[in-house]
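So the structure is just underneath, and the comments pick up after that.
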Amino acid sequence: MIPKVKTGIAGFDELIGGGLPENTMTLVYGPPKTGKSIFCYQFLQQAVKDDEFCLYLMTDYNLSQLEEKMMSFNWLIHEYFQKEMLYVLDIASGSIGATQKETHTFKTSSPQNPTEIISAVIDDLQYIYQKTHHFRSVLDSTTALFSFNSPILMIRVLKSYVMRMKVAGGTGIITYTEGVVDSQIETMLKTIVDNIVHLDGGKIDVEAMVGCDNVSANYKITDEGFTII
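Here it is as structure tokens:
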């Protein structure tokens, strides 16, 4: 029996046999505005409910915006962050040159400097690994990273990221906006993850999942978040 990590998404965990396979990396991809980030917010909210650590990398919004987006669904993460269970790497602020005070649970980086990003990830993993060998990770999203860097370079960086997360015991989600890079790069991206989930705005397709058949279902975004219908 493969241990599972709940996503917190109503109906989806049941669809895939109880949750994402533990210690695997899942690619959630699709066109813009199809719910990829909300999928990540819900995964983070489940970490709060389960009292699990989470390493969260964001390229399209900063920590304050993440809190606002979570609050729109009545999901509160401020206390969770204050308890030092949420480790944040704010790449969005780095993209505009904004500077903020860093701590061991909050760092900023630049999308143009993937080496610095991996270095920050390693630092965070060292702190997390001292406390737990079971945690969640989110990278939302890879789209900006591909925009600022050579796609081949980013594939290598993402391979390193996935490897480090799994060695440390993480179960993670990576998001990507379909069509940003050519099909060959997209294929390479899919080869470095364990599970692949596609969203089109109304249908969720599980294209690959460890220990699970390929399945699909309809979904919608409600005031309670991402919901299977």
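Residue numbers (my numbering): 20 to 248.
Think of the CB as a built atom: it goes at the ideal place given N, C-alpha and C, for glycine as much as any other residue.
In the displayed model, D201 falls within coil according to three-state DSSP, outside both helix and strand. Counting only the Cα atoms, I248 lies some 20 Å from I215.
A contact is defined here as three or more CB-CB pairs under 8 Å, and the region 228 to 235 meets this definition with respect to the region 33 to 50. For F125, there is no enclosing alpha helix (DSSP H); the enclosing beta strand (DSSP E) has its first and last residue at 125 to 127. Around the CB of T26, 16 or more other CB atoms lie within 10 Å, so the residue is classed as buried. Annotation: L105 to T124 spans about 7 Å, alpha carbon to alpha carbon. For K23, the beta-bridge partners assigned by DSSP are P40. If you ignore the 5 residues before and after E243, its C-beta comes within less than 8 Å of the C-beta of A29, F92, all in its own chain and listed in chain order. In this structure, DSSP gives F154 an extended state, which the three-state scheme calls strand.
With a threshold of 16 other beta carbon atoms within 10 Å, I141 falls short and is exposed. In the structure shown, the three-state DSSP call for V229 is coil. Inter-residue distance for D159 and T151 is about 23 Å (C-alpha atoms, whole angstroms). From the listed residues F72, T53, K52, I21, the smallest Cα separation to V157 is found for F72. S129 and I110 do touch by the CB rule: their CB atoms are close to 7 Å apart, below 8 Å. In this structure I192 is in contact with V47, their Cβ atoms being roughly 6 Å apart against a cut-off of 8 Å. Looking at the backbone, the Cα of G198 and that of P50 are separated by about 8 Å.
The alpha-carbon separation between A187 and V225 amounts to approximately 25 Å. The beta carbons of F58 and R155 sit about 13 Å from each other, so the pair does not count as a contact at 8 Å. D32: member of the alpha helix (DSSP H) spanning 31 to 34, first to last residue.
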